[in-house]
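**Q**
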Amino acid sequence: MNTSVSITINGVAYERSIPIRMLLVDFIRYEAGLTGTHVGCTFEGACGACTVHLDGDAIKSCLVLAVQCDGRWITTVEGLAEGSELHPLQIAFNEYHALQCGYCTSGLLMTGVDLIEKDSELNEEKVRHGITGNLCRCAGYSNIVDAILSVARARTREEEE
Ligand code: FES
Ligand code: FES
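Written out as structure tokens, the structure reads:
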């Protein structure tokens, strides 16, 4: 059984007729063609590779049905950059060597941006706790934490000036 939805992803409205059981991650990847959002586990919420923002909050898109997002807005990793200008956290991941194979990276970027935007007093403990739902099988956690903290601290300095 199909139903019609309109879901805005990175500012573009995607109007589709989809099976009611379609997961949001499948809508993003196969209906919108945005393959930066990954699937790293068997759709059980275990790895965080599918993390996106739903109405501004980080969520695992394998745990949400696309129909639940009708009329709502999504940001994926493709929506982080502004034109050719990368998001500061994308730049920091590069500078801090916070990725190896990169499979977890889009999910960690989306979780990291959410942490930075929601908490102006981030510290290492909060970041480590905040990314517990995102698995990195290459185990680059120290550099990932350092990258997120560097952007959080830069934001704090900007706000204080
Ligand atoms: S694909 Fe692993 S948590 Fe969603
Ligand atoms: S960089 Fe390979 S899984 Fe994280």
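Numbering follows my numbering, with no gaps: position 110 of the sequence shown is 110. Even glycine gets a Cβ: it sits at the ideal position worked out from N, Cα and C.
Where does V127 sit, in a helix, a strand or coil, going by DSSP?
**A** In the sequence shown, residue 127 corresponds to position 127, counting from 1. Helix.
**Q** Distance check for T156 and T105, CA to CA, integer angstroms please.
**A** Here the question's residue 105 lines up with position 105 in the sequence shown. Here the question's residue 156 lines up with position 156 in the sequence shown. Each residue's alpha carbon lies about 24 angstroms from the other.
**Q** So which residues touch the region around ligand 2, with touch meaning a C-beta under 5 angstroms from any heavy atom?
**A** Those satisfying the condition are, in chain order, L99, Q100, C101, Y103, C104, C136, R137, C138.
**Q** Closest to L115 by CA distance: which of S4, R16, H53, Q68 is it?
**A** Reading the sequence shown from its first residue, position 115 is the one you call residue 115. Answer by Cα proximity: H53.
**Q** Beta-carbon within less than 7 angstroms of V39's beta-carbon, same chain only, minus the 5 sequence neighbours each way: which residues are those?
**A** As a working note, residue 39 is residue 39 in the sequence shown. These residues qualify, in order along the chain: V25, A49, C50, C62.
**Q** Put L99 into one of helix, strand or coil per three-state DSSP.
**A** Taking the first residue of the sequence shown as 1, we reach residue 99 at position 99. Of the three classes helix, strand and coil, the one that applies to L99 here is coil, per DSSP.
**Q** According to DSSP, which residues form a beta bridge with L23?
**A** Numbered from 1 along the sequence shown, position 23 holds the residue referred to as residue 23. Per DSSP, L65.
**Q** With DSSP as the reference, identify every bridge partner of Y14, one or two as the case may be.
**A** By one-based count along the sequence shown, residue 14 stands at place 14. Beta-bridge pairing links Y14 to I7.
**Q** With distance defined between alpha-carbon atoms, name the residue in A32, G11, N10 nearest to S17.
**A** By 1-based counting over the sequence shown, the position of residue 17 is 17. It is A32.
**Q** Measure the C-alpha to C-alpha separation of H129 and L109 and round it to an integer number of angstroms.
**A** Here residue 129 refers to the residue found at position 129 when the sequence shown is read from its first residue. Here residue 109 refers to the residue found at position 109 when the sequence shown is read from its first residue. Roughly 15 angstroms between the two C-alpha positions.
**Q** So, do the region 128–147 and the region 72–80 have three or more beta carbon pairs nearer to each other than 8 angstroms?
**A** Contact fails: fewer than three Cβ-Cβ distances are below 8 angstroms.
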